[in-house]
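J.: When you line the sequence shown up against full-length UniProt numbering, it's residues 1 to 283, in that order.
Note that beta-carbon positions come from the ideal geometry of N, C-alpha and C, so glycine has one too.
A quick note: this is a predicted structure, and the numbers were derived from the prediction, not measured.
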Amino acid sequence: MTTRRTIVFQGEPGANSHIACREVYPTHEAVPCATFEDAFAALQNGEADLGMIPIENSVAGRVADIHHLMPTSGLTIIGEFFLPLSHQLMAIPGATLATVKSAESHVMALGQCRNIIRKLGLKAIVGADTAGSARLVAEAQDPSRAAIASRLAAEIYGLDIIAENIEDEAHNTTRFVVLAKDGDWAPANNGPTVTTFVFRVRNVPAALYKAMGGFATNGVNMTKLESYQLDGEFFATQFYADVDGHPEDANLKLALEELSFFSKEVRILGVYPAHPYRVALRA
């Protein structure tokens, strides 16, 4: 008997991460985890095969926790997925826009729906995740409480949608990365590829400028470059980057060699196929 493969996500059943799991890996068992740390631990301990982790949103920006967890996790990015989001305002049956006074959800979802929250004069309440907020609203049976979550969450927890598609921006999209404990790099010369890495530059004048020069001179397209502090120190900065291409491509190989010369550390977190959404945006 074959054991069904599992994929973990942060949140409760009905979360957007749950939807992403079902769309990309419909034959895997989607397993909810209370926190990102729990999801990472399940992968590290071999309790799960894959993880579906949100890393950034087109409206609310990056998911900061992931940038701190990824570099030291020992996990590999093996894929990416872009999920267009559609948020719904939901409450218990019988509640209306006139009765609700608060909206509960994950901080990212609240940030993506500021306009309607302000328009309706609702009190924004931060919850652990979107689906968990929907569950709590359903359990409370209070017509003054609403949640911002997915249609799947409304279905699971028996809530009525009282305002549809309430996101501020029509382009509201979350990018997920797929993680594995011992994931392989995508093969070279096999279609559009993304390489993700972190690095720390040496403490020399213009080190970052010099480190980045190799990408420009070798014609490598860098699609993301973000910095964040390490260990609470203002001057211990780590950079997170995505670039187009494979480390075996001649131009990217040269760029990474130049980066290494000006860096204390360079660590590749994953080499994986570019999602069609990314490719379509550049067409």
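#1: Which of the three DSSP states, helix, strand or coil, is assigned to E226?
#2: Is M212 helix, strand or coil when you go by DSSP?
#3: Here's a check: name, in chain order, each residue in its chain whose Cβ is nearer than 6 Å to the Cβ of R5, leaving out the five neighbours to either side.
#4: Which parts of the region 6–67 are runs of the alpha helix (DSSP H), unbroken and 4 residues or longer, counting only runs that do not cross its ends?
#5: Hey, I53 and F215: beta-carbon distance below 8 Å or not?
#6: Can the beta-carbon of P192 be found closer than 8 Å to that of V266?
#7: Name, in chain order, the residues that DSSP records as bridge partners for H106.
#8: Does the distance from the C-beta atom of L85 to that of F36 stay below 8 Å?
#9: Look at the alpha carbon of E139 and the alpha carbon of R145, and state the distance between them as a whole number of angstroms.
#10: Count the other CB atoms within 10 Å of the CB of D249; is the residue buried (16 or more) or exposed (fewer)?
#11: So, is P32 buried or exposed, given that buried needs 16 or more other C-beta atoms within 10 angstroms?
#12: Going by DSSP in three states, I156 sits in which element: helix, strand or coil?
#13: A211 to S17, Cα distance in whole Å?
T.: According to the structure data:
#1: E226: strand per DSSP, three-state reduction.
#2: DSSP places M212 in helix when its eight states are reduced to three.
#3: Short of 6 Å from the beta carbon of R5, and not among the five residues preceding or following it, lie these beta carbons of its own chain, in chain order: H28 and D49.
#4: As far as the region 6–67 is concerned, its whole alpha helix (DSSP H) runs of at least 4 residues are 16–24 and 36–44.
#5: Not a contact, by the Cβ cut-off of 8 Å.
#6: P192 is not a Cβ neighbour of V266, given a cutoff of 8 Å.
#7: Secondary-structure assignment with DSSP links H106 through a beta bridge to G127.
#8: The Cβ atoms of L85 and F36 do not sit closer than 8 Å to each other.
#9: Separation of E139 and R145 (C-alpha to C-alpha, rounded to the nearest whole angstrom) is 11 Å.
#10: In this structure D249 is buried. Its beta-carbon is surrounded by 16 or more other beta-carbon atoms within 10 angstroms.
#11: By the 10 Å Cβ count, P32 comes out buried.
#12: Residue state, collapsed to three classes: helix.
#13: If you draw a straight line from the Cα of A211 to the Cα of S17, it comes to about 35 Å.
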